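Sequences listed follow chains A and B, in order.
UniProt numbering applies: residue 1 is where the first sequence begins, and numbers increase by one.
UniProt numbering applies: residue 1 is where the second sequence begins, and numbers increase by one.
This report concerns only the one structure given below.
Number of protein chains: 2
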Amino acid sequence: MADIARVTGVSPMTVSRAFKTDSLISKETRDAILMAAEDLGYVFDSTASNLRSQRSDFVAVTIPSINNANFADTVGGLSETLATRKMQILLGYTNYDMQEEERLIEQLLRRKPQAIVVTGGKHTPRARKLLANAHIPVIETWDVPPDPIGHFVGFSNAGAVCGMVDHFVDVGYQRLAFIGGDVGRDTRGSDRRNGFVAAMNRHGLDPSRLIAAGPPPISMREGANAMARLLETLPDTEAVICVSDLSAFGALTECQRRGIPVPDGIAIAGFGNYEIGAISVPTITTINAFSRDIGEKAARLILDLLDGQALADNITIQPELILRDSSR
Amino acid sequence: MADIARVTGVSPMTVSRAFKTDSLISKETRDAILMAAEDLGYVFDSTASNLRSQRSDFVAVTIPSINNANFADTVGGLSETLATRKMQILLGYTNYDMQEEERLIEQLLRRKPQAIVVTGGKHTPRARKLLANAHIPVIETWDVPPDPIGHFVGFSNAGAVCGMVDHFVDVGYQRLAFIGGDVGRDTRGSDRRNGFVAAMNRHGLDPSRLIAAGPPPISMREGANAMARLLETLPDTEAVICVSDLSAFGALTECQRRGIPVPDGIAIAGFGNYEIGAISVPTITTINAFSRDIGEKAARLILDLLDGQALADNITIQPELILRDSSR
DNA sequence: TTGAAAGCGCTAACAG
DNA sequence: CTGTTAGCGCTTTCAA
C-alpha cells in the first residue's frame, strides 16, 4: 500500500480506503489507486487486515468427511450464502472421530473465525469448552443436541427413522432389520439405529435385527456385504432400513446379484435422499433431510447473529419421508 | 501471551517459544506456561503469527465442485499429506467456471498461501498472471497443460479416452457414441470428448455420435436423459462412452428401464472409477485416474519444493483402463 | 535458556 | 474527502 500511495501521490490510508466498497473517497482517486495497484501487481494482504481490524472473514466449518454428498450439500449452502457477505469458509474433516474433531476445532479457532459450524451434537468435553470460550456464534448441525453449546440447525435422526418404521408397520411389514455402522463412532448413525430400536419396541416388534457393517461411514460395498449377512442369517426379513442411501443401494445390488426381487422379496429403504436413490432401478425409499437447507439456514442464522438481529436461536428441520419403488 | 507471561513471571518472548516444538526452552518453564495457557483459556492467534513471520501455513486449493467424489479424493490426499507438516488447506469451488476461478484465485492469494493447487490447465489470462506473480509453487492438476504455469500433477484426459476407444475397436465395436457435457465449460470433459473424436477418426470410424447432456457436471439423471436421446436418435449404437461413471450409471439405468440388456444390447463405459461402477449390476467399465494419488503427489511435490529438494517439476499419471461387465 | 526492542501490513480513531 | 498516529499479537533479531 505504501508503494501505491507513493506512485499515486496519496497517503496509505487513502489507498486502504480505495479497497473498501463503502468508504467515502472520490471516484478519480479510487480509480487511479486501483489502476496503480493492478500495474504493480499488488495483492491485498488479508492477514494484516484481519489482525488490525480484529475481525476475520472466516467461518470455520467441520464435517465428518468431504466425500459425502449430504455434507457437501450443506457446505455448498453455507458457502454460497456466506459468499454474499464476502465471508470465506475454513473447512476441516473430522473423519467421524471426536478426538480429531477436538484437534480440528482448536486449530480452526486459532484463525479467529467469526463463527463456527460443527456437525452433530456430541463432542469431547474439551471441544465443548473451546467452543463455549470462543465467544463467537457456535452452530451445531445435522442433529438436535440435548444440550446445545450455542445454536443448532438440525433434525432428530432418531425421530426421522421412527417415522419410517411407523410407515413400514402401517403398510404391513413386521420383520424389519436395520443396517448401520458399528455403534459408538458416528453418532448420527447411532441415533438412527436407536430410533429404529425405539420404534420397533413401541410397536411390540422384535428390534434385534441389527447388522453392523463396520466403522462409519458405510460404503455401498459394505451395505452389500451387510445385506448378504442379513439374507443368510435372517432370511425371513421383510424390510431393511439402511443408515444411508449409499448402503441401501449396495444392499439393493446384493439382492440383484442373488435374484431376489425388491421390494417383493425384501423391501429396502435408505436415508439422505442422495441422487442415486432417485434414479436406481428400482428407485429407493428414503428420508430427505434437506442437507442444503441446513447449510443455507445455518449461514443465514450466522449472518443474523453477527448483525444482532437473529429471530430464533435454533432451527429444527422436519425431514420428509420419500416413498419410492423399493418398498411397498 | 502477555497475560500468560505476567502470570508465569516470564517474558512474552518465552511464552512464544513455549508454543514452538523445536525451540530451546527448559521443560519446567514450558510446562508452567502451557498450564497457565490452558487455565486462562488462551487461544493462539495464527493471524498475528502469520503476519509477523511472513509465512502462513495455508495451501490454497481450487476444485470445480465440492460434491464430486474424484475431486474430494484429491483434496483428501492433499489434506492428509499436508497435515503431516501442520499445513492447512484453504479450499474454494469454481463451479466449473473460469471467471469464478479467477475471482477465487485472487481471494485465496490474499491469504498469502505457501502454495496453490488448481484443477485443470486452462485459466483466464488474468488468473494466469496472478498465479505467476504470486511467487509460490503453483500446481495444476487433473490435466497435462500445454503451457504449465509452474508445475503439474495430472494425466491426458484425451489420451485416456483414446485408449478406451482403441480397446473398444479392438474387441469389435464400430458404432461408438460419446455422452458428455456441453462443450466449452468443463475443459476436462471437453478434452475427453476430443480424445474420443480423435481416436474415432484415427480408426476411420464415424466420430459424430456425440450427445451433449447440458452444462457440466453431468448428473446421473442427465446421463439417463442423454441415453434416452441416444437410443431414440441412433438406435444402432453398439457402445457408448460417458464422461463420468455417474452419467454412465444414469445411462445404464435408462437401459434397464427400457429392458435393453447391457452389454449385449449396448455397451457402456464411464470415467473416474467411482465406487458406483464397481458395485452396480452390471459393473461399469471405466478409467481409473488415481484421484487420491494426484492429491498425495501434489502435496509431496509442494513439500519438496518448499524444502528446495524437488526431484521433478511435473508428475504425469498413467490412467488405467478397468474392464468390467458393462462392456465386452 | 531468557529478555528487549522493533516491526510485519494494515486500519481504528481522530483531526482536518 | 484525505491525512496522521498508533497499534493489532505475534516473532525476528540481537544481546545477555
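Glycine included, C-beta positions come from ideal geometry on N, C-alpha and C.
The model shown is predicted, which means the values in this text are computed figures rather than measured ones.
For residue i, the three-state DSSP class (helix, strand or coil)
i	result
G163 of chain A	helix
F155 of chain A	coil
A60 of chain A	strand
P181 of chain B	For clarity, residue 181 of chain B is Gly in the given sequence; the question names Pro instead. Coil at G181 of chain B, not helix or strand.
V75 of chain A	helix
A299 of chain B	helix
G195 of chain B	helix
L230 of chain B	helix
A213 of chain A	coil
N288 of chain B	strand
A92 of chain A	Checking the sequence shown, residue 92 of chain A turns out to be Gly, not Ala. Looking at G92 of chain A - three-state DSSP - the assignment turns out to be strand.
N225 of chain A	helix
T21 of chain B	coil
A115 of chain B	strand
L34 of chain B	helix
I105 of chain A	helix
D314 of chain A	It is worth fixing the name first, because residue 314 of chain A is Asn in this sequence and not Asp. Correct three-state label for N314 of chain A: strand.
I322 of chain A	strand
L176 of chain B	strand
S46 of chain A	helix
N68 of chain B	coil
D97 of chain A	coil
M1 of chain A	coil
M87 of chain A	coil
L40 of chain B	helix
I294 of chain B	helix
L51 of chain B	helix
G9 of chain A	coil
S16 of chain A	helix
G189 of chain A	helix
T283 of chain A	coil
L205 of chain B	coil
Within chain A, partners of residue i - CB distance below 8 Å
i	result
T253 of chain B	I279, S280 and V281
Q107 of chain B	Q88
G250 of chain B	I279
S56 of chain B	T47
Neighbour list for residue i in chain A, Cβ cutoff strictly below 7 Å
i	result
L82 of chain B	Going along chain A, no residue has its Cβ under 7 Å from L82 of chain B, so there is no contact; the nearest lies around 12 Å.
M220 of chain B	E275, I276 and I279
Residue i classed as buried or exposed, judged by whether at least 16 other C-beta atoms fall within 10 angstroms
i	result
R111 of chain A	buried
N273 of chain A	buried
D264 of chain B	exposed
L24 of chain B	exposed
L311 of chain B	exposed
L130 of chain B	buried
S327 of chain B	buried
L40 of chain B	exposed
N201 of chain A	exposed
D147 of chain A	exposed
K27 of chain A	exposed
K297 of chain A	buried
E254 of chain A	buried
V171 of chain B	exposed
E140 of chain B	buried
G184 of chain B	exposed
Under 8 Å by beta carbon: chain B residues contacting residue i
i	result
Y93 of chain A	G76 and S79
Neighbour list for residue i in chain B, Cβ cutoff strictly below 7 Å
i	result
A299 of chain A	In chain order: nothing, as chain B lies at least about 15 Å away.
A224 of chain A	I279
residue 330 of chain A	Residue 330 of chain A lies beyond the stretch modelled for chain A, which goes from 1 to 328, so this question has no answer here.
Proximal chain A residues relative to residue i, where beta-carbon distance stays under 9 Å
i	result
V72 of chain B	The question names Val, but residue 72 of chain B in the sequence shown is Ala. Per Cβ cutoff of 9 Å: S65, I66, N67, N68 and A72.
Exercise. Which full runs of the alpha helix (DSSP H) of 4+ residues lie inside the segment 120-151 of chain B, going along the chain?
Worked result: Listed in chain order, the complete alpha helix (DSSP H) runs (minimum 4 residues) inside the segment 120-151 of chain B are 125-133.
Problem set entry | Unbroken stretches of the beta strand (DSSP E), 3 residues or longer, contained in the segment 234-278 of chain B | 239-242 and 267-269
Problem set entry | Selection of the segment 30-49 of chain A by Cβ proximity to chain B, strictly under 7 Å | In summary, the residues of the segment 30-49 of chain A whose CB is separated from some CB of chain B by less than 7 Å are G41, V43, F44, D45, S46, T47 and A48, in the order they occur in the chain.
Exercise. According to a CB-to-CB cut-off of less than 7 Å, which residues of the segment 109-138 of chain B neighbour chain A?
Worked result: L109, R110, R111, K112 and N133
Exercise. Between the segment 255-276 of chain A and chain B, which residues of the former have a C-beta closer than 8 Å to a C-beta of the latter?
Worked result: Q256, R257, E275 and I276
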